[in-house]
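Its first residue numbered 266, the sequence shown is counted upward by one per residue in my numbering.
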Amino acid sequence: MFTDPCVAGKYMTDDGCVDCPENTFSENGASSCTPCSEGMVSGTGSSSCQYEPCQAGNYMTERGCQQCPVNTYSGPGALTCSSCAIGIGSPAGSTSAADCVGCAGGYYYSESGTCTRCPVGYWIPAGDDDTSDTFQAGCRLCPNGKTSSLGAGNENRLSLFGMSML
Numbered sequence: 266m267f268t269d270p271c272v273a274g275k276y277m278t279d280d281g282c283v284d285c286p287e288n289t290f291s292e293n294g295a296s297s298c299t300p301c302s303e304g305m306v307s308g309t310g311s312s313s314c315q316y317e318p319c320q321a322g323n324y325m326t327e328r329g330c331q332q333c334p335v336n337t338y339s340g341p342g343a344l345t346c347s348s349c350a351i352g353i354g355s356p357a358g359s360t361s362a363a364d365c366v367g368c369a370g371g372y373y374y375s376e377s378g379t380c381t382r383c384p385v386g387y388w389i390p391a392g393d394d395d396t397s398d399t400f401q402a403g404c405r406l407c408p409n410g411k412t413s414s415l416g417a418g419n420e421n422r423l424s425l426f427g428m429s430m431l
């Protein structure tokens, strides 16, 4: 019979030290292996368990997998989420850059993950990603002396204050 204690990842049997099977682990000197907690995995002969890789649309945190927030995306096994390009967005849990889309003229991609109309006095063309102008909620402020209707998406649709809108 063997008397030397087994190293971590192995356990003692009558025939000596044997690797712990997949999805179990052991510490030094173990006589048996401990199953991994739910949502965790290990390879054969492991001394600890790790979280399962995250599915696409999620990323790894200290507490396990979390859903990618609005305007981001991830593939499977991600440690972080990637941001959509400026001017386009995606719903929470998006799985690829193809999920990042632009909004129609007069709408911007909001933090809630939806296309939202520009407020009165603001406008934005379709697919705009210019951040050099003054923006409110992703929309451009109308030039001095002009205003817009709700959801204006074309500079030609702006009108002078007090004039009817096209």
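Even glycine gets a Cβ: it sits at the ideal position worked out from N, Cα and C.
Asked                                                                                                                      : Found
Strand pairing of Gly281, partner residues [DSSP]                                                                          : Thr278
7 Å Cβ cutoff met for Met325 and Cys314                                                                                    : no
Cβ neighbour criterion (16 or more within 10 Å) applied to Ser302                                                          : exposed
Pro318 versus Ile389 - alpha carbon distance                                                                               : 40 Å
Bridge partners - Asn323, DSSP secondary structure assignment                                                              : Gln332
Neighbourhood of Ala273 by C-beta, 7 Å cutoff - its chain only, sequence neighbours within 5 removed                       : Ser291, Glu292, Asn293, Ser312
Cβ neighbour criterion (16 or more within 10 Å) applied to Gly322                                                          : buried
Bridge-paired residues (DSSP) for Leu406                                                                                   : Tyr387
Where Ser307 falls, given that 16 or more other Cβ within 10 Å makes a residue buried                                      : buried
Cut-off 6 Å between Cβ atoms - residues of its own chain near Cys349, not counting five sequence neighbours on either side : Asn336, Ser355, Cys365
Thr289 versus Ile351: straight-line alpha-carbon distance, rounded                                                         : 45 Å
Nearest neighbour of Ala362, chosen from Ser375, Ala343, Gly281, Ser347 [CA to CA]                                         : Ser347
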